[in-house]
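Protein chains in written order, with my numbering: chain U, 692 to 804; chain B, 98 to 708; chain G, 36 to 302. Here the structure is laid out as structure tokens; the discussion comes afterwards.
In structure tokens, the structure reads:
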């Protein structure tokens with residue numbers, strides 16, 4: 692059964708090639724970890740830039756894990772749809788919550804000294 | 098797949114009609130209590146949630162007595178309450194604390210332990226795999242675990258009545274800091290119970306989605322799914338993605354209660370005039386956002402399954418294809434999507450700025466469109482048909498105007514300007530009860546009457562069904578219609594004495610009938626509502642007796658398909674055996690092929706091959 | 036039971052049941068952790084200026100734990116590849132490593148917890164703050180009765196704000212020494228538990244929930260490694276699917292940590 696691509700959800704690991712790919716991802720993840728630690732000790736000028744750098748590296752690492760270790764890159768449309776909507780609603784939850792509680796969009800905010 | 102023969106014992110062995118292989122009787126416990134069979138779990142869920150519904154209704158009766166006659170001992174049950182709950186029910190009357198806790202638990206029980214498990218889990222469990230031609234749920238043991246988690250959650254909730262200080266008192270919304278700062282342990286039980294109930298809901302949702310996607314019978318394409326399946330499918334996604342934030346919020350509030358963190362407690366919080374001993378820095382609004390992120394999709398979790406049930410019954414009893422099947426499907430999907438983007442319309446009064454309010458007001462108005470489309474499709478389906486007025490159809494028909502009232506009265510609440518006046522009054526109680534009580538619960542009654550013959554092989558009594566229907570319809574309205582008037586007059590929703598003190602204070606200062614004061618006429622409506630509620634309780638008795646009596650003594654069905662229906666659940670044995678179908682059905686047509694010209698019968702089952 | 040699509044994928048969706056199930060479950064997990072991350076952002080944005088802590092956790096320990104978890108991810112993938120290639124012994128080896136790494140992660144995490152629970156902020160009677168790890172308490176130490184004394188290894192500052200940012204350059208030159216403080220000088224003494232600050236509240240909640248996932252994942256993988264591996268001999272294809280599904284969960288737990296690490300340790 693596992694010799695046919697269609698029967699195996701699209702990813703078969705039977706070649707040394709894919710193992711090499713996993714090891715490459717692993718090395719990239721280690722490198723990302725050290726990079727993000729190193730970057731956190733550097734003052735880029737403002738904390739916002741540091742946050743952006745760290746979150747970018749984290750996103751790349753997360754992409755590597757999701758795409759290659761979890762095979763999302765070769766996954767079926769169905770799972771793509773589910774995770775896509777999940778990501779969208781997560782963005783909505785976080786974005787709208789932050790937007791509606793930010794001081795600019797609130798009324799009657801009194802700053803207590 | 099094709100040559101699948103059920104090799105497992107049917108769940109009621111002696112009534113299986115199809116080839117009966119030798120089997121061991123699994124015994125009472127494995128058949129009825131720890132069964133992975135979706136039909137048994139559906140019935141378990143159904144009975145459990147009906148019990149919870151009755152219990153929640155009973156709490157409401159006690160509260161209505163207290164509202165109508167504050168401080169007067171409750172007849173019959175008062176002394177009993179005092180015996181069980183002690184000081185909180187001294188002299189057989191509810192103390193304000195006990196009233197608060199009954200209010201919180203009425204909401205919690207009705208929403209999370211009665212209507213959601215009945216409308217969503219029980220009906221989908223029993224009907225959904227049958228309707229798509231599946232042998233069972235995709236994950237039968239997960240299904241069983243879901244029910245067990247649900248029971249544990251329910252038991253925790255019920256236990257909380259008997260702990261010192263009683264059950265949670267901060268309303269079903271459990272707003273912090275109030276919920277955190279009430280010194281009793283009821284809230285901890287509430288949160289622990291919620292974590293179990295949410296987990297059970299998540300397990301069910303995963304199961305239903307996987308079942309619909311993976312286990313549709315051959316030929317059952319997406320656009321051949323009965324609308325009930327679509328509705329439950331969308332509902333599952335709402336549960337799957339909206340419940341976890343509440344679970345996270347419950348964990349955080351639990352941390353606030355148990356580990357004394359300050360997730361929802363702001364800096365400088367004072368309790369009883371004293372600065373609270375907390376680190377502060379938290380955000381009370383965070384709880385509200387996370388709660389309503391669940392809370393609003395939850396509204397559609399309550400209503401979509403009801404729409405699905407009503408659609409099946411209307412199509413069946415108008416003997417016509419449902420009008421606008423595709424519009425129904427796309428509307429349900431649109432509702433599902435939009436319901437994640439409207440939640441803050443529950444929070445207009447939290448100091449939210451105009452831009453934010455306008456955003457949520459706009460999405461709220463947009464989401465009313467697909468709801469109206471669905472309702473319109475149902476109304477147009479009735480046009481020009483010769484309707485069979487049996488009990489399920491009566492309930493389904495009554496659903497339409499009742500849900501209509503509930504939905505349309507929601508519009509003034511969706512506009513932030515009018516919401517300022519109506520927020521937290523009896524108006525909103527009337528609004529959402531019209532949606533859920535005469536709306537969803539009527540659809541649930543319809544569903545019970547409709548699918549009862551499939552569960553038991555017997556019909557429920559038609560005459561008592563009608564008594565139940567007319568009594569429920571009239572007295573539901575007697576209860577909830579006056580609340581609109583009360584709310585618009587300014588009666589607030591959480592007052593333990595029904596506004597007597599508030600009204601007296603305002604009126605004595607400025608004379609009767611000023612804004613804010615409650616006139617005697619408005620106060621007198623409490624009595625109406627009380628007696629309406631009592632009679633509503635009485636007319637449920639025929640239903641309860643009918644339900645249990647008919648299991649053994651109802652009229653036997655003359656075929657597996659007593660309603661002459663087209664969908665797959667009626668094309669198998671009654672009651673369906675374990676693994677449902679002797680041979681996996683093949684589907685050739687859409688779900689509602691009624692009165693197709695040129696056919697000798699007025700219905701064409703989905704699995705009937707084309708000639 | 037002759038149940039469809041337990042092993043072989045359904046033609047039109049290309050999935051077997053459990054794989055769809057685990058992805059749906061992960062979708063709900065995204066929302067669970069998503070809500071907690073939203074809470075983190077809201078608490079951080081809403082904190083009073085200068086009162087959000089930085090550098091309260093040991094970056095090196097966190098880095099080590101990140102590497103442990105990433106390594107366990109690659110061993111999980113390798114275990115699945117071994118199953119696919121029908122190399123049972125290699126599978127056993129790699130998943131044994133996964134379990135060991137999972138336990139290492141939990142051990143390191145509990146060391147960090149212990150570190151926080153022995154860390155005290157002491158409000159002194161003179162309005163200053165002493166901050167450090169507990170060295171010892173005298174036998175008669177009692178805060179309520181104002182008897183005895185307590186020794187911590189740490190430093191003293193004038194304002195609480197100075198305890199917040201441990202990443203600023205000056206913070207590196209703080210001289211830590213053993214301070215012995217009599218109970219009479221102590222106004223308030225509080226550990227760095229979740230009640231101490233909302234940062235610690237969200238730190239403990241997120242990492243405890245994450246550690247709970249690690250433990251659950253390790254239990255599942257442990258079951259599949261031990262008693263559950265009997266299925267290998269009867270239905271290797273289905274067993275491989277189980278390894279894949281449990282692996283998906285494990286990678287997700289790893290993925291959550293990839294965000295937790297910078298958010299809680301570095302920023």
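Note that CB positions come from ideal geometry on N, CA and C, so glycine has one too. Remember, it's a predicted structure, so these values are computed and weren't measured experimentally.
According to the Cβ coordinates, are residue i and residue j closer than 9 Å?
| i | j | result |
| --- | --- | --- |
| residue 425 of chain B | residue 327 of chain B | yes |
| residue 446 of chain B | residue 532 of chain B | no |
| residue 556 of chain B | residue 647 of chain B | yes |
| residue 241 of chain G | residue 129 of chain G | no |
| residue 317 of chain B | residue 703 of chain B | yes |
| residue 745 of chain U | residue 302 of chain G | yes |
| residue 216 of chain B | residue 540 of chain B | yes |
| residue 756 of chain U | residue 59 of chain G | no |
| residue 323 of chain B | residue 691 of chain B | no |
| residue 262 of chain B | residue 283 of chain B | yes |
| residue 224 of chain B | residue 660 of chain B | no |
| residue 461 of chain B | residue 581 of chain B | no |
| residue 545 of chain B | residue 586 of chain B | no |
| residue 565 of chain B | residue 654 of chain B | no |
| residue 341 of chain B | residue 69 of chain G | yes |
| residue 760 of chain U | residue 108 of chain G | yes |
| residue 440 of chain B | residue 392 of chain B | yes |
Could you check where the beta strand (DSSP E) with residue i kicks off and where it finishes?
| i | result |
| --- | --- |
| residue 215 of chain G | 212-217 |
| residue 733 of chain U | Where residue 733 of chain U is concerned, there is no enclosing beta strand (DSSP E), given that its DSSP letter is neither H nor E. |
Can you name the residues that DSSP bridges to residue i?
| i | result |
| --- | --- |
| residue 166 of chain G | G:156, G:190 |
| residue 367 of chain B | B:372 |
| residue 798 of chain U | None; residue 798 of chain U has no bridge partner. |
| residue 700 of chain B | B:691 |
| residue 177 of chain G | G:182 |
| residue 779 of chain U | DSSP lists no partner for residue 779 of chain U. |
| residue 171 of chain G | G:186 |
Would you please state the rounded distance, in angstroms, between the beta carbons of residue i and residue j? I believe it to be under 8 Å.
| i | j | result |
| --- | --- | --- |
| residue 725 of chain B | residue 161 of chain B | Outside the shown range of chain B, which is 98 to 708, sits residue 725 of chain B, and nothing can be said about it. |
| residue 717 of chain B | residue 583 of chain B | Nothing can be reported for residue 717 of chain B: it is not among the residues displayed for chain B, which extend from 98 to 708. |
| residue 394 of chain B | residue 335 of chain B | 4 Å |
| residue 146 of chain B | residue 211 of chain B | 5 Å |
| residue 363 of chain B | residue 376 of chain B | Actually they are not in contact, since the Cβ atoms of residue 363 of chain B and residue 376 of chain B sit about 11 Å apart, beyond 8 Å. |
| residue 272 of chain B | residue 184 of chain B | That belief does not hold up - the Cβ atoms of residue 272 of chain B and residue 184 of chain B are roughly 26 Å apart, past 8 Å. |
| residue 219 of chain B | residue 143 of chain B | 4 Å |
| residue 633 of chain B | residue 569 of chain B | 7 Å |
| residue 307 of chain B | residue 52 of chain G | 6 Å |
| residue 56 of chain G | residue 209 of chain B | With 8 Å as the limit, residue 56 of chain G and residue 209 of chain B do not qualify as a contact, their Cβ atoms being about 23 Å apart. |
| residue 348 of chain B | residue 432 of chain B | So it is not a contact: roughly 29 Å between Cβ atoms. |
Just reading off the alpha helix (DSSP H) that residue i is part of, what are its end residues?
| i | result |
| --- | --- |
| residue 444 of chain B | Run containing residue 444 of chain B: none; DSSP gives neither H nor E here. |
| residue 224 of chain G | Here residue 224 of chain G belongs to no alpha helix (DSSP H); instead the beta strand (DSSP E) covers 221-226. |
| residue 175 of chain B | 174-182 |
| residue 632 of chain B | 617-650 |
| residue 107 of chain G | 94-119 |
| residue 154 of chain B | 135-165 |
| residue 764 of chain U | Careful: residue 764 of chain U lies outside any alpha helix (DSSP H) and carries neither H nor E. |
| residue 91 of chain G | Note, residue 91 of chain G: premise wrong, no alpha helix (DSSP H); not H, not E. |
| residue 304 of chain B | 283-311 |
| residue 348 of chain B | 324-355 |
| residue 271 of chain B | Segment: none, residue 271 of chain B is in no alpha helix (DSSP H) and carries neither H nor E. |
| residue 63 of chain G | 52-81 |
Would the C-beta of residue i count as close to the ligand SAH, meaning under 8 Å from any of its heavy atoms?
| i | result |
| --- | --- |
| residue 760 of chain U | In the structure on display, the ligand SAH does not appear, and there are no ligands present to speak of. |
Return the residues of the region 297-311 of chain B that lie within a Cβ-Cβ distance of less than 9 Å from chain U, sorted by chain order. Answer in chain order: 306, 310.
Of the residues that make up the region 365-389 of chain B, which ones have a beta carbon closer than 9 Å to any beta carbon in chain U?
Flagged, chain order: 365, 380, 382, 383, 386, 387.
Could you please tell me which residues of the region 92-119 of chain G, in chain order, have their CB closer than 8 Å to any CB of chain U? 94, 98, 101, 102, 105, 106, 108, 109, 111, 112, 113, 115, 116, 119
query: Taking any Cβ of chain G, which residues in the region 709-737 of chain U have a Cβ under 9 Å from it, in chain order?
result: 709, 710, 713, 714, 716, 717, 720, 721, 723, 724, 725, 727, 728, 730, 731, 732, 734
Q.
Can you pull out the residues from the region 157-176 of chain G whose beta carbon lies closer than 7 Å to at least one beta carbon of chain U?
A. none
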